[in-house]
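Residue numbers (this note's numbering): 7 to 490.
Have a look at the structure below before the remarks.
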Amino acid sequence: MNKRLVIRLQGSILLIEALAMVPSLLIALYYGDSGDAAAFLKTIGLLLLVALPMHYLSKPRETNLRAREGFVAVALAWVLLSIFGGLPFLFSGLFTRFEDAFFEAVSGFTTTGASVLNQFEGAPRGIMFWRSFTHWIGGMGVLVLTLALLPQMTGRTSHLAKAESPGPSFSKVLPKMGDSAKILYIIYAVLTFIQFVLLVFVGRMSLYDAAIHAMGTAGTGGFSNYGQSVAAFDSLAVDVIITVFMIIFGINFALFYRLLIGDFRSFFKSEELHWYVGIVTVAILFTTAVITPRYQNFFTALRYGSFQVASLVSTTGFVTADFDLWPAAVKMILLLVMLIGSCAGSTAGGMKVVRVALAAKNIKREVSRTIQPRKVQVVRFEGKGVDESMLSQISLFIVAYLALIFIGTLLVALEGKFDLISNFSAALTCVSNVGPGLSAVGPTKNFAGYGPFAKYILSLLMLCGRLELFPIFVLFHPTVWRRG
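Okay, structure coming up:
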């Protein structure tokens, strides 16, 4: 283990976090929130005190990151970011308990959007901006941001991206990982800005509200500065804009690069995109059909049905209706899309469409093998044959993913505070980085009712889900910490 390199990387990331707090500090000063400005200054001071020695005094002999260092660096970075990222919540008095501040920060950076905040109206603007900005930082990945800003800090950096990026593989749009990171972040920022402009000029939002909800959509996080979430605006224009962009941010960003360079064929021929659009379309049509009698109007049902489906399949978590009151069949569909999630290489969570598609194709092949055992059959995706090791990894991931949800449900249930549906949906929504669940953690409620033990467990589930399980798992493997 090249510990010096890992420590140096943590220092670099914490320095970037200190820099990332400056906009929130300026907003706090602009609105005259001196107490919140002091909270940011204290946190930035602590970050610099810890990060500068880590960055400048840890000089590794070797600058190439191996897989082991990559996974450990990513996992530790997300834990440290969440610890320090929660301090402004604590210092400002938004929360009085560390577990609440930590939970909120983890939920922000992992783009989950689950909250323990009870009072939204009147909350400090600088703090609420930081709360949503954590979504934007975490959406594309903090390590990917580091590669974009400091591409020369390490030799081989692909292991960082592989450990942090959502999906079975990281799509390099350019040969150099640092260049790929820059391109992806530029696309990310441009799409965020376009949505921001539309929310201001078409949705008639204030600049502050538009920024909060554009960042929440882009990171597929779902934090709002209103207790009613997007429903507080009661605007068809706002609903349509956010619905469209939630679906957009669930698409693989490498495909947007293909559009940018004029490779329209690759974009529209993408098999994963076809699966994604198909899942979204079927879920919207089914949901709309079932809830139409409740709203007595097809277009009203389509408005609310499409928003909730787009929100949950993209794992954003914004809400405009209490879907916990909808028929059981619809809630089953919503839980299913929460589990599946969106495309690999997007800012969304869930198991990812590509894994579900390959698992379905593998099942189909096994059924065919039973009927025709001598026939050679290869699972194909995106026009290429998928090797058996990849199929095995996907099967292992799905089993581990489902096992983590059930283990999380059991651990959270030990507190004995809520029913099975509440605990199961809480575990599912945290592992899939969605936000709202059902029953006690439904769209009009939050996670404040859980005790400290459950909050730490749910925070761990969010981190596991965002980093796709294994970077967190390897921290507990003894061989990772051995020399050599």
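By construction, the Cβ of each residue, glycine as well, lies at the ideal position given by its N, Cα and C atoms.
This one's a predicted model, so the numbers in the text were calculated from it and none came from an experiment.
> Phe199 by DSSP, collapsed to three states: which one?
Replying inline: Stepping through the sequence shown from its first residue, residue 199 is reached at position 193. Helix.
>> Rounded to whole angstroms, what is the Cα-Cα separation between Thr294 and Gly144?
In response: As a working mapping, residue 294 is identified with position 288 in the sequence shown. As a working mapping, residue 144 is identified with position 138 in the sequence shown. C-alpha separation (whole angstroms): 32 Å.
>> For a test of the three-state rule: what should DSSP assign to Lys367, helix, strand or coil?
In response: Taking the first residue of the sequence shown as 1, we reach residue 367 at position 361. Of the three classes helix, strand and coil, the one that applies to Lys367 here is helix, per DSSP.
> Quick one: what's Lys390 bridged to in DSSP?
Replying inline: As a position in the sequence shown, residue 390 is number 384, starting the count at 1. In DSSP, Lys390 forms a bridge with Phe387.
>> In chain order, what are the residue ranges of uninterrupted alpha helix (DSSP H) at least 4 long that sit wholly in the stretch 387-453?
In response: 394-419 and 426-437
> Tell me which same chain residues have a C-beta within less than 7 Å of the C-beta of Thr249, skipping the five on either side of it?
Replying inline: As a position in the sequence shown, residue 249 is number 243, starting the count at 1. If we look at Thr249 and ignore the five residues flanking it on each side, its Cβ neighbours are Ser312, Phe313 and Ala316.
>> Which residue wins for smallest C-alpha separation from Gly391, given the options Pro379, Val373, Asp39 and Asn368?
In response: Residue numbering aside, residue 391 sits at position 385 when the sequence shown is read from its first letter. Minimum Cα distance to Gly391 is reached at Asn368.
>> If I measure Cβ to Cβ from Tyr232 and keep anything under 7 Å in the same chain, skipping five residues before and after, which residues do I get?
In response: Here residue 232 is taken as the residue at index 226 of the sequence shown, counted from 1. Closer than 7 Å at Cβ, skipping near neighbours: Phe126 and Ala238.
>> According to DSSP, is Arg103 part of a helix, a strand, or is it coil?
In response: As a first step, residue 103 is located in the sequence shown; it is residue number 97 there, counting from the start. In the structure shown, Arg103 sits in coil (DSSP, three-state: anything other than H, G, I, E or B).
> Which value, in whole angstroms, describes the spacing of the CA atoms of Asp245 and Val56?
Replying inline: Here residue 245 corresponds to residue number 239 of the sequence shown, with the count starting at 1. Here residue 56 corresponds to residue number 50 of the sequence shown, with the count starting at 1. So the alpha carbons of these two residues sit roughly 43 Å apart.
> For the 8 Å Cβ check, are there 3 or more pairs between the stretch 268-288 and the stretch 357-376?
Replying inline: yes
>> Buried or exposed, going by whether 16 or more other CB atoms sit within 10 Å of the CB of Val208?
In response: In the sequence shown, residue 208 corresponds to position 202, counting from 1. Exposed, because fewer than 16 other Cβ atoms sit within 10 Å of the Cβ of Val208.
> From this set, Thr322, Ile218 and Glu388, which residue's C-alpha is nearest Ile254's C-alpha?
Replying inline: Numbered from 1 along the sequence shown, position 248 holds the residue referred to as residue 254. Of the candidates Thr322, Ile218 and Glu388, the one whose C-alpha sits nearest the C-alpha of Ile254 is Thr322.
> Span of the alpha helix (DSSP H) holding Gly51?
Replying inline: Counting from 1 along the sequence shown, the entry for residue 51 is found at position 45. Residues Ser40 to Leu63.
> Would you report the Cα separation of Ser438 and Ser320, rounded to the nearest angstrom?
Replying inline: The residue you call residue 438 lines up with position 432 of the sequence shown. The residue you call residue 320 lines up with position 314 of the sequence shown. So the two alpha carbons sit approximately 10 Å from each other.
> For Asn303, does the count of other Cβ atoms within 10 angstroms reach 16, so buried, or fall short, so exposed?
Replying inline: Counting from one through the sequence shown, the residue named residue 303 turns up at place 297. It counts as exposed.
>> So, with DSSP's three-state summary, where would you put Ala327?
In response: Position 321 of the sequence shown holds residue 327. Ala327: coil per DSSP, three-state reduction.
> Contact between the stretch 106-122 and the stretch 196-208: three or more CB pairs below 8 Å?
Replying inline: no
> Among the residues of its own chain, which have a CB less than 7 Å from the CB of Ser98, if the five just before and after it don't count?
Replying inline: Against the sequence shown, residue 98 aligns to sequence position 92. Gly41, Asp42, Ala45, Pro130 and Ile133, listed in sequence order.
> Between Thr450 and Gly355, what straight-line distance do the alpha-carbon atoms span, to the nearest angstrom?
Replying inline: In the sequence shown, counting from the first residue as 1, residue 450 sits at position 444. In the sequence shown, counting from the first residue as 1, residue 355 sits at position 349. One C-alpha to the other measures close to 21 Å.
> Anyone know if the C-beta pair for Val80 and Leu473 falls short of 8 Å?
Replying inline: Counting from 1 along the sequence shown, the entry for residue 80 is found at position 74. Counting from 1 along the sequence shown, the entry for residue 473 is found at position 467. Yes; because the gap between Cβ atoms is below 8 Å, this pair is in contact.
> In whole angstroms, what is the alpha-carbon distance linking Leu93 and Thr49?
Replying inline: Within the sequence shown, numbered from 1, the residue matching residue 93 stands at position 87. Within the sequence shown, numbered from 1, the residue matching residue 49 stands at position 43. Leu93 and Thr49: Cα-Cα distance of roughly 6 Å.
> So, helix, strand or coil for Gly128, using DSSP?
Replying inline: Position 122 of the sequence shown, counted from the start, is the residue given in the question as residue 128. Coil, per DSSP.
> Under three-state DSSP, which class holds Gly228?
Replying inline: To locate residue 228, count along the sequence shown from 1; it is residue 222. In the structure shown, Gly228 sits in coil (DSSP, three-state: anything other than H, G, I, E or B).
>> I'd like to know whether the C-beta atoms of Ala406 and Val418 end up nearer to each other than 8 Å.
In response: Against the sequence shown, residue 406 aligns to sequence position 400. Against the sequence shown, residue 418 aligns to sequence position 412. It is not a contact, given that the beta carbons lie outside the stated cut-off.
> For Gln16, does the count of other Cβ atoms within 10 angstroms reach 16, so buried, or fall short, so exposed?
Replying inline: Within the sequence shown, numbered from 1, the residue matching residue 16 stands at position 10. Buried is the call here.
> Per DSSP, what kind of secondary structure is Pro379 in: helix, strand or coil?
Replying inline: Here residue 379 refers to the residue found at position 373 of the sequence shown. Reduced to three states, the DSSP call for Pro379 is coil.
>> 8 Å is my cut-off, CB to CB: does Thr322 come that close to chain C?
In response: Annotation note: the requested chain C is absent from the structure, which comprises a single protein chain.
> How would you label Arg103, buried or exposed, when you count the other beta carbons within 10 angstroms and need 16 or more for buried?
Replying inline: The residue given as residue 103 occupies position 97 in the sequence shown. Flag for Arg103 reads exposed.
> Is the distance from the Cβ of Leu20 to the Cβ of Leu53 below 8 Å?
Replying inline: Mapped onto the sequence shown, residue 20 falls at position 14. Mapped onto the sequence shown, residue 53 falls at position 47. Contact: yes.
> Given Met27, which residues of its chain have a CB within under 6 Å of its CB, disregarding the five upstream and five downstream residues?
Replying inline: On the sequence shown, position 21 is the one that residue 27 refers to. Within the same chain, Met27 has close Cβ partners Phe46 and Ile50.
> Which whole-angstrom value is the C-beta distance of Ala187 and Gln201, which I expect to be below 8 Å?
Replying inline: Locating residue 187 in the sequence shown gives position 181, where the first residue counts as 1. Locating residue 201 in the sequence shown gives position 195, where the first residue counts as 1. About 21 Å; that fails the 8 Å criterion.
> With DSSP run on the structure shown, which of helix, strand or coil describes Leu291?
Replying inline: Looking up residue 291 in the sequence shown gives position 285. The answer is helix: DSSP assigns Leu291 an H, G or I state.
> Among the residues of its own chain, which have a CB less than 7 Å from the CB of Ser30, if the five just before and after it don't count?
Replying inline: Your numbering for residue 30 matches position 24 in the sequence shown. Once the five neighbours on either side are set aside, the close Cβ partners of Ser30 are Phe46, Gly132, Phe135, Trp136 and Phe139.
> Beta-carbon separation of Arg264 and Phe273 under 8 Å?
Replying inline: Translated into the one-based positions of the sequence shown, residue 264 becomes position 258. Translated into the one-based positions of the sequence shown, residue 273 becomes position 267. Result yes, Cβ atoms of Arg264 and Phe273 sit closer than 8 Å.
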